[in-house]
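Worksheet: one structure, shown below.
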Amino acid sequence: MKVAVFPGTFDPLTLGHLDLIKRGSALFDQLAVAVMTNQNKKPLFTVEERVEQIKEAVSGLDNVSVITTEGLTVDLMNRIGADYLMRGLRNTTDFQYERDIAAMNNFLDDQCETVFFLAKPEYQHLSSSILKEVTSSGGDISAYLPKNINEALKQRIKEEKLKRVKEHNEKTR
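Under numbering that gives the first Met the number 0, the first residue of the sequence shown is numbered 0, with each subsequent residue one higher.
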């Protein structure tokens, strides 16, 4: 059985991510989407919220599960019996970064095989951070997000703006 892990922070999951998940689910017998915690990022959504959002977005894909973990991806792979690590590439910058991670993962576990998927042209310019920034500035990015996640993102941005206004008002009193 071919089992793969597709790790990421997915804050939020984009249609580019979803396209990769669909393509990976066609290639692998089982695909685990692993919602990771990245200490270098300040997520807009909690891990639990992202898991629920992704579960809804992938609900029609029977061989896809959504899990969470902390620590090394190779340790997760060993726990769930995965031999393949699935990663998406949008550009040469992604390639250089992912190549180095793949080499380190292979050093940590020589059974870890990284499989790269090239992003489709319509998704190569996407990143979760750009989509959050555009939404925060009032732009409509609904063409790049699953509907449930687009609605959640708009709501969260609205809540965050209100929170900042309240904090500012508290400081100026």
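Even for Gly, the Cβ is constructed at its ideal location relative to N, Cα and C.
- Around the CB of Ser-127, 16 or more other CB atoms lie within 10 Å, so the residue is classed as buried.
- Here Gln-110 is exposed. Its C-beta has fewer than 16 other C-beta atoms within 10 Å.
- Relative to Gly-80, the option among Phe-27, Phe-116 and Ile-129 whose CA is nearest is Phe-27.
- Taking a contact to require three or more Cβ pairs closer than 8 Å, the region 84-96 and the region 14-23 qualify as touching.
- Each of Ala-25, Glu-51, Asn-39 and Gln-95 was checked against the Cα of Asp-61, and the nearest Cα belongs to Ala-25.
- In this structure, the alpha-carbon of Lys-153 lies about 10 Å from that of Ser-141.
- Here DSSP, grouped into helix, strand and coil, assigns Ala-142 to helix.
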